[in-house]
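J.:
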Amino acid sequence: MKMFLDSAKTDEIRYALDLWDIDGITTNPKHVKDSGKPFRTVIEEIAGLFDGTTKEVSVEVDPNLADWEKMVDQGLELSKISPNFVIKVGVSEQGFKAIRELTNRGVRVNATLIFSVAQAWQAARAGAAFVSPFVGWKEQYGDPVESLIPEVAVMLENYDYRAEIIAAAVRNSRHIAEAALAGAHCITAGMAVYQDSFRNPYTTMGEQLFQNAWNATPEQ
Ligand code: E4P
Numbered sequence: 379m380k381m382f383l384d385s386a387k388t389d390e391i392r393y394a395l396d397l398w399d400i401d402g403i404t405t406n407p408k409h410v411k412d413s414g415k416p417f418r419t420v421i422e423e424i425a426g427l428f429d430g431t432t433k434e435v436s437v438e439v440d441p442n443l444a445d446w447e448k449m450v451d452q453g454l455e456l457s458k459i460s461p462n463f464v465i466k467v468g469v470s471e472q473g474f475k476a477i478r479e480l481t482n483r484g485v486r487v488n489a490t491l492i493f494s495v496a497q498a499w500q501a502a503r504a505g506a507a508f509v510s511p512f513v514g515w516k517e518q519y520g521d522p523v524e525s526l527i528p529e530v531a532v533m534l535e536n537y538d539y540r541a542e543i544i545a546a547a548v549r550n551s552r553h554i555a556e557a558a559l560a561g562a563h564c565i566t567a568g569m570a571v572y573q574d575s576f577r578n579p580y581t582t583m584g585e586q587l588f589q590n591a592w593n594a595t596p597e598q
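Residues are numbered in this note's numbering as their position in the sequence shown, beginning at 1, plus a constant of 378.
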């Protein structure tokens with residue numbers, strides 16, 4: 379399962395590339411705003427960090443764009459900045475058409491803001507390279523979430539769609555486990571979620587126990 383960092387902060391991305399060897403990143407307009415930099419500046423800086431790699435960088439078109447032609451124009455323009463860029467398009471009637479057109483023109487698309495199998499199906503049949511079901515958002519609003527990724531996985535397999543699932547808006551280690559067990563191809567989460575997932579109280583307890591034993595062992 380590919381490990382994407384969900385961030386547009388270059389210091390975080392650098393850290394995760396160096397220490398974790400992440401497979402790429404996903405950005406969204408919220409992450410770009412949180413970077414504190416203008417959109418174009420930050421995505422060009424990010425492109426530089428991935429230069430010479432085959433890692434994937436999802437960059438979202440302006441969510442204010444209401445018709446597919448404009449999404450396609452902007453997607454094409456963004457895709458010229460870096461071969462690593464995957465263009466993120468929000469799912470909607472116009473969005474599905476934009477996904478189809480971009481895909482036909484050789485641009486890889488990440489269909490974002492997916493909350494149902496029906497939306498994932500439309501994105502996959504439009505040719506999306508990635509579909510992103512948002513696990514954490516669904517859960518936050520009280521919807522049952524366990525079946526979303528497994529059902530999307532079955533749908534893709536039933537029809538041999540090539541789209542990779544990105545388990546998105548992942549909030550904790552349980553979400554990571556559920557995505558992996560359901561066969562998601564990729565996961566995207568923020569720094570803190572991954573850092574939490576590295577830890578476990580039993581591991582900490584065990585380390586302490588072993589350190590004490592090591593220190594109490596006679597040297598010769
Ligand atoms: C995925 O591609 C999205 O960027 C992301 O997971 C959105 O969720 P969040 O920013 O609320 O975590």
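Quick reminder that beta carbons are idealized off the backbone N, C-alpha and C, glycines included.
#1: For D401, which residues in the same chain have their Cβ closer than 8 Å to its Cβ, ignoring the five residues on either side in sequence?
#2: How is the alpha helix (DSSP H) around S575 delimited, first residue to last?
#3: Under the assumption that S510 contacts I544 (Cβ atoms under 8 Å), give the Cβ distance between them as a whole number of angstroms.
#4: When you compare each of Y580, P522, K475 and L480 to K458 by their alpha carbons, which one comes out closest?
#5: In this structure, how does DSSP classify M379 when only helix, strand and coil are distinguished?
#6: A541 bridges to which residues according to DSSP?
#7: Please state the DSSP three-state secondary structure of D440.
#8: So for F417, helix, strand or coil by DSSP?
#9: How far does the beta strand (DSSP E) with G468 in it reach, from first residue to last?
#10: I'd like to know if the stretch 442-451 and the stretch 415-432 are in contact, where contact means that at least 3 CB-CB pairs between them fall below 8 Å.
#11: I need the straight-line Cα distance from E542 to E390, nearest angstrom please.
#12: Taking 8 Å as the cut-off, is the CB of F493 close to at least one heavy atom of ligand 1?
#13: Quick check on the DSSP output: the beta strand (DSSP E) that includes I492 runs from which residue to which?
#14: Identify the continuous beta strand (DSSP E) that holds I403 and give its terminal residues.
#15: Is the stretch 517-534 close to the stretch 464-477, with three or more CB pairs under 8 Å?
#16: Here's the rule I'm using: 16 or more other beta-carbon atoms within 10 Å means buried, otherwise exposed. How should V532 be labelled?
#17: Any heavy atom of ligand 1 within a distance shorter than 8 Å of the CB on N406?
#18: Tell me whether the beta-carbon of A489 lies closer than 9 Å to the beta-carbon of F508.
T.: Working from what's here:
#1: Taking the sequence shown and counting its residues from 1, one reaches residue 401 at position 23. Taken in chain order, the residues that qualify are K380, M381, F382, K433, E434 and C564.
#2: For the purposes of this step, residue 575 is taken as residue 197 along the sequence shown, with counting starting at 1. Start and end: M569 to F576.
#3: Along the sequence shown, read from residue 1 onward, the residue named residue 510 stands at position 132. Along the sequence shown, read from residue 1 onward, the residue named residue 544 stands at position 166. The pair is a contact, with the Cβ atoms about 4 Å apart (cut-off 8 Å).
#4: Working through the sequence shown from its first residue, we reach residue 458 at position 80. Ranking Y580, P522, K475 and L480 by Cα distance to K458 puts L480 first.
#5: As a position in the sequence shown, residue 379 is number 1, starting the count at 1. M379 falls in the coil class under three-state DSSP.
#6: Counting from 1 along the sequence shown, the entry for residue 541 is found at position 163. According to DSSP, A541 bridges with nothing at all.
#7: Start at 1 with the first residue of the sequence shown, and residue 440 comes out as number 62. Residue state, collapsed to three classes: coil.
#8: Looking up residue 417 in the sequence shown gives position 39. If DSSP states are grouped into helix, strand and coil, F417 belongs with the helices.
#9: On the sequence shown, residue 468 is found 90 positions in, with the first residue counted as 1. Note, G468: beta strand (DSSP E), F463 to G468.
#10: no
#11: In the sequence shown, the residue the question calls residue 542 occupies position 164. In the sequence shown, the residue the question calls residue 390 occupies position 12. The straight-line gap from Cα to Cα measures roughly 25 Å.
#12: Sequence index remark: in the sequence shown, residue 493 carries index 115 (1-based). Checking every heavy atom of ligand 1 against the Cβ of F493, none is found closer than 8 Å.
#13: Within the sequence shown, residue 492 is the residue found at index 114, counting from 1. Taken as a continuous stretch (DSSP letters only), the beta strand (DSSP E) holding I492 covers V487 to I492.
#14: Within the sequence shown, the letter at position 25 stands for residue 403. First-last of the beta strand (DSSP E) with I403: G402 to T404.
#15: no
#16: The count along the sequence shown starts at 1 and reaches residue 532 at position 154. With fewer than 16 Cβ atoms within 10 Å of its Cβ, V532 is classed as exposed.
#17: As a position in the sequence shown, residue 406 is number 28, starting the count at 1. Result yes, Cβ under 8 Å from ligand 1.
#18: Looking up residue 489 in the sequence shown gives position 111. Looking up residue 508 in the sequence shown gives position 130. Yes, the pair counts as a contact, with Cβ atoms nearer than the cut-off.
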